[in-house]
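J.:
In this note's numbering, the protein residues as written are 5 to 83.
1. Quick check: the Cα distance between residue 24 and residue 52, rounded to an integer number of angstroms?
2. So, are the CB atoms of residue 40 and residue 29 less than 8 Å apart?
3. How many Å lie between residue 47 and residue 38 at the Cα?
4. Run through DSSP, which three-state label would residue 8 get?
5. For residue 16 and residue 26, what's the separation of their Cα atoms in angstroms?
6. Rounded to the nearest angstrom, what separates residue 32 and residue 6 at their Cα positions?
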């Protein structure tokens, strides 16, 4: 009883079309579709960038380890 029926939805759709016109609604739909497509592309690009970030972090960790090992070797040579 409290839900929206099919006839209420039809009436709302007719009112929206009368207020905004079909051209504005078509443009709005196209803009919304472009926004969704751009959002999906941004998400997929972000997923592609994550492995590259992990690789750079791994390289940074390896260089830090190498620097520590070389400083320890210098300390041993001085002793």
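Idealized CB from N, CA, C, for every residue including glycine. Since we're looking at a predicted model, the values are computed, not measured.
T.: According to the structure data:
1. Using only the alpha carbons, I get a separation of about 40 Å.
2. Not a contact, by the Cβ cut-off of 8 Å.
3. Cα to Cα, residue 47 sits roughly 14 Å from residue 38.
4. Three-state DSSP puts residue 8 in coil, outside helix and strand.
5. Each residue's Cα considered, the two are about 14 Å apart.
6. When rounded, the distance between both Cα atoms is 30 Å.
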